[in-house]
Structure formats: C-alpha cells, structure tokens
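Chemist: Starting off with a structure, shown below.
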Amino acid sequence: MMSAYVDFIRIRFLTMLAYRVNYYSGIIIYAINIGAYYFLWKAIFGSAETLQGFTLAQMTTYIAVSWMARAFYFNNLDREIANDIRDGSIAMQLIRPYSYLLVKMMQGLGEGLFRLILFMGPGLVIVCLLFPVKLPKDPAVWIVYFIMLLFSLFINSQLNILTGLAAFFVENNEGMMRMKRVLVDLFSGVLIPIAFFPGWLKGTMEWLPFQAITYLPSAVFTGRTPMSQAWGVLGIQALWFVILLVPILFTWRAARKRLFVQGG
Numbered sequence: 151m152m153s154a155y156v157d158f159i160r161i162r163f164l165t166m167l168a169y170r171v172n173y174y175s176g177i178i179i180y181a182i183n184i185g186a187y188y189f190l191w192k193a194i195f196g197s198a199e200t201l202q203g204f205t206l207a208q209m210t211t212y213i214a215v216s217w218m219a220r221a222f223y224f225n226n227l228d229r230e231i232a233n234d235i236r237d238g239s240i241a242m243q244l245i246r247p248y249s250y251l252l253v254k255m256m257q258g259l260g261e262g263l264f265r266l267i268l269f270m271g272p273g274l275v276i277v278c279l280l281f282p283v284k285l286p287k288d289p290a291v292w293i294v295y296f297i298m299l300l301f302s303l304f305i306n307s308q309l310n311i312l313t314g315l316a317a318f319f320v321e322n323n324e325g326m327m328r329m330k331r332v333l334v335d336l337f338s339g340v341l342i343p344i345a346f347f348p349g350w351l352k353g354t355m356e357w358l359p360f361q362a363i364t365y366l367p368s369a370v371f372t373g374r375t376p377m378s379q380a381w382g383v384l385g386i387q388a389l390w391f392v393i394l395l396v397p398i399l400f401t402w403r404a405a406r407k408r409l410f411v412q413g414g
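So the mapping is simple: our numbering equals the position in the sequence shown, first residue as 1, plus 150.
Structure, rendered in structure tokens:
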C-alpha cells in the first residue's frame with residue numbers, strides 16, 4: 151500500500167516538472183526579494199557590528215536561506231482541498247481505498263522535492279553569486295538542516311491541510327487562507343527574524359508552531375544556534391508535527407460527518 155503513496159510523490163513531481171518554466175521566473179523574483187531585504191538590513195545595521203545577536207554576515211545568510219527555504223516548503227494544499235470540497239470531487243476521493251489526508255501530504259512532499267531540485271538549489275547558487283552569503287563548511291550542519299527542512303515542509307503542509315479543511319464548515323475560506331499565509335510569513339521569521347520581535351510577542355511565538363518552520367532551522371544554519379542545540383530544535387519540530395496531527399484528525403472526523411456537495 152505504501153508504494154501507492156510513493157506514486158503520488160512521483161506523479162506530483164512529474165506534474166510540477168511540466169510547468170518548470172514558472173519556477174525559473176520564480177527564482178528571479180525570489181532573488182529580487184532577497185536583494186531588497188539585504189539592502190534594507192544593510193541600511194538598518196549602518197555602522198553597528200551586531201543587532202539582536204546577528205552580525206550583518208549572519209543576517210545576509212539568514213535572509214537568503216529563509217527565502218530559499220520558503221521556496222522549498224511552500225505549497226497550495228489548502229487551496230486544493232478547498233477546491234475539492236467546493237466542486238464536490240471530495241466525495242469521490244472519500245470512497246477510494248486510500249487516506250485522503252496522507253495523499254495530500256505525499257503530494258506536498260512531491261512538490262517540495264521538485265522545488266528543492268529546480269528552485270531552491272539553483273536559486274541558492276544564484277543568490278550566493280550576487281550577495282555575500284556565507285554558507286557553513288561543516289557537513290553535519292547541512293545534514294541536520296536538511297532534516298529540519300523536511301520537518302518545515304511537514305509542519306507547513308499540516309497548517310495548509312487544517313486551513314483547507316475549514317472549507318467544510320465555512321464553505322468559502324479564501325480569507326482564512328490569505329490570513330494563514332500572512333501569519334506564516336510574518337511569524338515564522340521569513341520577513342523579520344523573531345529575535346527582533348518585542349519581548350512579549352517573542353515569548354508568545356515560542357508557544358506557536360510558526361518558528362519551527364523557518365526561524366529555528368535558519369538560526370542553526372547561520373550559526374546563531376550552535377550545533378550542540380540543534381537536536382533540541384529538531385525535538386521542537388517533531389513535537390509540533392505530532393501536536394498538529396490532533397486538530398487535523400479531529401477536524402477531519404467532524405468534517406466527514408457534515409459533508410454536503412455543492413457541485414460536481
């Protein structure tokens with residue numbers, strides 16, 4: 151049975167491959183975003199050597215890695231699920247001999263692998279040529295970081311699935327999906343590192359899953375968090391992965407009891 155789920159990873163990868171030109175243009179857009187933030191933070195640093203524990207070199211690397219990590223873990227599973235619910239195709243999915251939620255996770259993984267190979271990898275190379283990004287030389291850092299990236303993908307996909315399932319109850323969850331995307335980008339540390347948040351808000355962020363998507367892995371990669379604490383970061387990510395399974399399964403169970411088809 152697991153081989154069938156592996157096929158969903160392969161099929162999604164091949165589907166994304168058919169539209170690869172879109173992602174080549176995406177590399178340029180991400181490079182422009184990284185450049186804009188680089189010059190912004192360079193102006194903010196001014197003559198200061200450090201800000202909130204970040205050196206300018208660490209901040210430059212953090213910006214590049216955070217945006218390229220977003221290129222890896224980003225997906226539209228929430229919109230896909232919402233569309234399945236609105237057009238009624240979810241009814242056909244439910245009678246098939248596989249787990250709909252697990253299929254969506256596998257599709258997200260397939261898209262992530264595509265983005266890693268044809269978006270994040272080439273994009274990071276280009277960004278390193280354009281900006282003074284300092285990549286770690288220790289292979290152990292790279293190995294641990296890629297494991298963290300996988301958890302980032304899973305946690306972000308779980309949030310997307312949870313948001314998509316909300317369409318069972320609100321019918322049109324477009325506003326919720328947009329709000330979720332803003333919250334993830336802001337509170338995960340892509341736009342502003344969490345270290346720069348006010349003390350009360352930074353403390354609140356420690357009790358939410360967003361930091362486990364971008365900030366914590368990027369902090370390890372840039373050396374802000376030493377490797378001796380990297381396993382603690384992995385533990386936090388694994389914990390959030392398990393915790394998020396609870397509301398997903400609860401919502402899925404409640405949603406199946408009140409399914410009504412609007413189209414199809």
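Glycine included, every Cβ here is placed at the ideal spot set by N, Cα and C.
(1) Which two residues bound the contiguous alpha helix (DSSP H) that contains Glu261?
(2) Report the residue from Ala198, Gln202 and Arg220 whose alpha carbon sits nearest the alpha carbon of Ile184.
(3) To the nearest whole angstrom, what separates the beta carbons of Leu394 and Gln257, a pair I think is in contact under 8 Å?
(4) Assign Leu315 to buried or exposed, taking buried as 16 or more other Cβ atoms, counted over all protein chains shown, within 10 Å of its Cβ.
(5) Is the beta carbon of Ser175 less than 7 Å from the beta carbon of Ser368?
(6) Going by Cα to Cα distance, which pick from Asn233, Phe318 and Val156 is closest to Ser249?
(7) Quick check: the segment 185 to 204 against the segment 160 to 173, are there 3 or more CB pairs under 8 Å?
(8) Should Val291 be flagged as near chain C, meaning a C-beta pair shorter than 7 Å?
(9) Decide yes or no for the touch test of the segment 294 to 312 against the segment 376 to 395: beta carbon pairs closer than 8 Å, at least 3 of them.
(10) Let's see if you can read the secondary structure: which residues bound the alpha helix (DSSP H) around Asn306?
(11) Among Leu266, Gly196, Phe304 and Ile363, which one has its Cα closest to the Cα of Lys254?
(12) Below 8 Å CB to CB, which residues in the same chain sit around Met326 once its five sequence neighbours on both sides are set aside?
(13) Just the Cα atoms here: how many angstroms apart are Phe400 and Phe281?
(14) I'd like the list of long-range same chain contacts for Thr211, defined as Cβ closer than 8 Å, with 5 residues on each side in sequence excluded.
Modeler: Here's the rundown:
(1) Reading the sequence shown from its first residue, position 111 is the one you call residue 261. First-last of the alpha helix (DSSP H) with Glu261: Tyr250 to Arg265.
(2) Here the question's residue 184 lines up with position 34 in the sequence shown. Closest by alpha carbon: Arg220.
(3) Position 244 of the sequence shown, counting from 1, holds the residue named residue 394. Position 107 of the sequence shown, counting from 1, holds the residue named residue 257. Not a contact, Cβ separation roughly 18 Å.
(4) As a position in the sequence shown, residue 315 is number 165, starting the count at 1. Classification of Leu315: buried, given that the 10 Å Cβ count is 16 or more.
(5) The sequence position of residue 175 within the sequence shown is 25, counting from 1. The sequence position of residue 368 within the sequence shown is 218, counting from 1. Cβ atoms of Ser175 and Ser368: not closer than 7 Å.
(6) Sequence index remark: in the sequence shown, residue 249 carries index 99 (1-based). Of the listed residues, the one whose Cα sits closest to Ser249 is Val156.
(7) Look at the beta carbons and you see the segment 185 to 204 not touching the segment 160 to 173: under three pairs across the two are nearer than 8 Å.
(8) Of the protein chains in the structure, only one exists, and it is not chain C.
(9) yes
(10) Position 156 of the sequence shown, counted from the first residue, corresponds to residue 306. It spans Pro289 to Leu315 - the alpha helix (DSSP H) in which Asn306 sits, taken as one unbroken run.
(11) As a working mapping, residue 254 is identified with position 104 in the sequence shown. Minimum Cα distance to Lys254 is reached at Phe304.
(12) Taking the sequence shown and counting its residues from 1, one reaches residue 326 at position 176. Closer than 8 Å at the Cβ level, and outside the excluded window around Met326, lie Thr313, Ala316 and Val320.
(13) Start at 1 with the first residue of the sequence shown, and residue 400 comes out as number 250. Start at 1 with the first residue of the sequence shown, and residue 281 comes out as number 131. For Phe400 and Phe281, the distance between alpha carbons rounds to 46 Å.
(14) By 1-based counting over the sequence shown, the position of residue 211 is 61. For Thr211, where only same-chain residues beyond five positions count, the Cβ hits under 8 Å are Val283, Lys284, Leu285, Phe371 and Thr372.
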